[in-house]
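Down below is the structure, laid out as structure tokens.
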Amino acid sequence: MKKSINIFGKQIKLNDILYYGIFILIFSIYSFVLRPFINLVYLETEIEKFEDNYSWKIYLALWLIFILFALYKIEKVKEKIFDLVMILLFSIVFGFIFITKFITNNSLFINQLYTKEKEKIVYTILKEETYISLMGDKGYIDDEKHLQKIDEIRKRNHFNSLENTKNRDTINVIFNKGIFGFKYLK
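Just so we're aligned, residue 0 is where the sequence shown starts under numbering that gives the first Met the number 0, counting upward by one.
Here it is as structure tokens:
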């Protein structure tokens, strides 16, 4: 006899509560901790570069493993073929939308666990009243959260704040390159 709990007049198995509780915990950590962290330390160009070049390949490999598993299950249970086909179609359509972001964020988190090298990029400061942006050979930074991160790193290393610089001054921004070679601020 499986244990269950009566909630709002329905019997719910403890295994189901545990399963959904773990799912909610993982989703919460991903949504409220991991995703904001990745968006803070990686520039948008690095995230897009990973998504365009690697994320879909990882998704494709995982999907092929899933298909092989499903084919193995079809051999074992032929009467559930319709269910398996529907699961495969669901995973193709919705999986790509949701899982690729999950793969991207987790891979970029793993990337920053170990620094292989550092890369220095020279940026020119562009100031207009209260608006600050950085322009460099490899792109520009005008996102407030990344400018704050760069400013925080500068202050930690005893350099002038971005607010105390002049228009057209140049600064060096040091990016760490992680395990997979993607640049991040830390």
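Using N, Cα and C, we set each Cβ at its ideal position, and we do this for glycine too.
- Residue state for residue 10 is assigned as strand, using DSSP reduced to three classes.
- If one requires a minimum length of 3 residues, the beta strand (DSSP E) runs lying completely within the segment 2-65 are 3-6, 9-12, in chain order.
- Pairwise C-beta distances place the segment 92-105 out of contact with the segment 113-130, as fewer than three of them are shorter than 8 angstroms.
- With a threshold of 16 other beta carbon atoms within 10 Å, residue 133 meets it and is buried.
- Residue 125 carries a strand assignment under DSSP once its states are collapsed to helix, strand and coil.
- Apart from sequence neighbours up to five positions away, the residues of its chain that approach residue 94 with a beta-carbon distance below 8 angstroms are 58, 62, ordered along the chain.
- Ranked by Cα distance from residue 12, the first of 2, 6, 46 is 2.
- Distance between residue 37 and residue 178, taken at the CA atoms: about 15 angstroms.
- Burial check for residue 182: the Cβ neighbour count within 10 Å reaches 16 or more, so the residue is buried.
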